[in-house]
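A short write-up of the structure that comes next.
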Amino acid sequence: MLARIIKTLRDKGPASRTPLATACGLSYDRFVMYLDWIIQKGFVTLDEDGLVHLTPAGSKAFDELVTWILDHVGSLGLSKLRESSQ
Amino acid sequence: MTEESVVARVGDLMATLDDVKIYREFANAMVDFAGIITASLVAAFAFVILYDIYEVVAGPAPGTGLLWSSLGNSLGFLVILLILIFGVTFGAFWVNRRVKRTKIGEWQETLKEGTPGALKLLEETDWDSTLHAIGLSRVAYFFYALTKVGAYSILVFFLLFFAGSVSGIWNILQTSSAYVAAISITIVLLFMWRSVALGFRRMQSLDLLFWDLRWFSTEFKRAEFNKA
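Those protein sequences? They're chains A and B, same order as listed. Per our numbering: the first sequence = residues 46 to 131. Per our numbering: the second sequence = residues 1469 to 1696.
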């Protein structure tokens, strides 16, 4: 869910809370709960106009997540099983 | 390193896990398969016993003796063969039917979300159950290969015995049933060699996949983003 919030901010830029919650497919209450947590982590900030901004730390965390998935899923020998299934 | 690559790689992983789902269903279907084969063997022997009881009560028809001792009764052996052929065919059909009904590809919609969808899929995967299914599939493949060779060997055995008895070859060669059984198994192994080899290759691949996924699930549980 946190990845979804960060990705939405990366793709669409700063956004206010209600449209961001809608874009992430979350109820406002649940969204606020997640938002508080990622603000604490320093991944996003909230400005005076109520817009949520992605921080460099948030962007870096997302990149690290992408790298982790690529490295770990990429090193699985999936092709061998698929070949033997044909 | 783009999100498209993440989607492609997790898509590959999910497709492999779909294969595991199919193998799990296959393993479950093997219980049915064994039951069907056993039922057809029981039916074949029940037919022999009932036929012999009938012969004892009513007296054998001219030129025939008890079915088990007189292999010249072509109709009786044809019925046994038909029961066995029906058992193996129906068993294979049943396994196919169950395997084809496995729900796969349900993850595709979630993966369209990109990295968050990929992460959601990885989080929602029950790794322990997947690993258990792989272990079960390995046993199922071994059991399936064994049952298939066994079932076809029994069929070939009856065919050879029937053909040899009708033509009188077994009387000339003075062969024992054990010798015919050995010939039957050899014939079946020769014809099914490719299928048996493929089964063993798949078992090896499942073994590798088991260790790969065990490592991956441990790493995934330990990952920093997952602790949050």
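Glycine included, every Cβ here is placed at the ideal spot set by N, Cα and C. These figures come from a predicted structure and were not determined experimentally.
- Taking 7 Å as the cut-off, the beta carbon of T1598 (chain B) is found no closer than this to the beta carbon of K1588 (chain B).
- A1608 (chain B) and I1551 (chain B) have their C-alpha atoms spaced approximately 25 Å apart.
- Annotation: Cβ neighbours of I114 (chain A) in chain B (cutoff 8 Å, chain order): V1474, R1477, V1478, T1583, A1586, L1587, L1590.
- Rounded to the nearest angstrom, the gap between the Cα atoms of Y79 (chain A) and A1691 (chain B) is 19 Å.
- DSSP, reduced to helix, strand and coil, places L1657 (chain B) within a helical segment of the structure shown.
- In the assembly as shown, W1661 (chain B) is an exposed residue. Its beta-carbon has fewer than 16 other beta-carbons within 10 Å.
- In this chain, the beta strand (DSSP E) harbouring T90 (chain A) covers 89-91.
- Under the Cβ criterion of 7 Å, K105 (chain A) is not counted among the residues facing chain B.
- For L121 (chain A), the secondary structure class from DSSP, reduced to helix, strand or coil, is coil.
- Below the 7 Å Cβ cutoff, chain B contributes G1582, T1583, P1584 as neighbours of K52 (chain A), in chain order.
- With distances taken between CA atoms, D1500 (chain B) lies nearest to B:R1566 out of B:E1472, B:G1544, B:R1566, B:F1513.
- At least one CB atom of chain A sits nearer than 7 Å to the CB of F1684 (chain B).
- Annotation: the continuous alpha helix (DSSP H) that includes L47 (chain A) extends over 47-57.
- Between L1604 (chain B) and A1495 (chain B), the C-beta gap is smaller than 7 Å, which places the two residues in contact.
- Within the same chain, Cβ atoms closer than 6 Å to the Cβ of W1575 (chain B) are found at M1482, L1589, the five residues on either side in sequence being excluded.
- In the DSSP secondary-structure assignment, H98 (chain A) is bridged to A:T90.
- Any Cβ of chain B closer than 7 Å to the Cβ of R49 (chain A) would place that residue at the interface, and such an atom is present.
- Within the DSSP secondary-structure output, A60 (chain A) pairs in a beta bridge with A:V97.
- At a Cβ-Cβ threshold of 7 Å, V77 (chain A) and V89 (chain A) do not count as neighbours.
- Each of B:A1665, B:F1629, B:G1636, B:S1633 was checked against the Cα of V1648 (chain B), and the nearest Cα belongs to B:F1629.
- Straight-line spacing of the CA atoms in V1510 (chain B) and V1524 (chain B) works out to 21 Å.
- Rounded to the nearest whole angstrom, the C-alpha separation of W1595 (chain B) and R1682 (chain B) is 8 Å.
- In this structure, DSSP gives D1680 (chain B) a helical state, which the three-state scheme calls helix.
- Neighbours of A1691 (chain B) across chain A, judged by C-beta separation under 7 Å: W113.
- About 6 Å separates the CB atoms of I1505 (chain B) and A1619 (chain B); that is less than 8 Å, so the two are in contact.
- Distance check between A48 (chain A) and each of A:V118, A:L121, A:V111 places A:V111 closest, using alpha-carbon atoms only.
- Interface flag for G119 (chain A) against chain B is set, since a Cβ pair is found closer than 7 Å.
- From the beta-carbon of E1471 (chain B), the residues of chain A found nearer than 7 Å are V111.
- For D1486 (chain B), the closest Cβ of chain A is not nearer than 7 Å.
- Non-local beta-carbon contacts of L1674 (chain B) in its own chain, meaning distances under 8 Å to residues more than five positions away in sequence, involve Y1491, I1602, S1605, R1606, Y1609 in chain order.
- The straight-line gap separating the alpha-carbon atoms of E1687 (chain B) and L115 (chain A) is approximately 13 Å.
- One finds nothing in chain A with a Cβ atom closer than 8 Å to the Cβ of D1520 (chain B); even the nearest lies about 47 Å away.
- The C-alpha of T1615 (chain B) lies about 25 Å from the C-alpha of L1677 (chain B).
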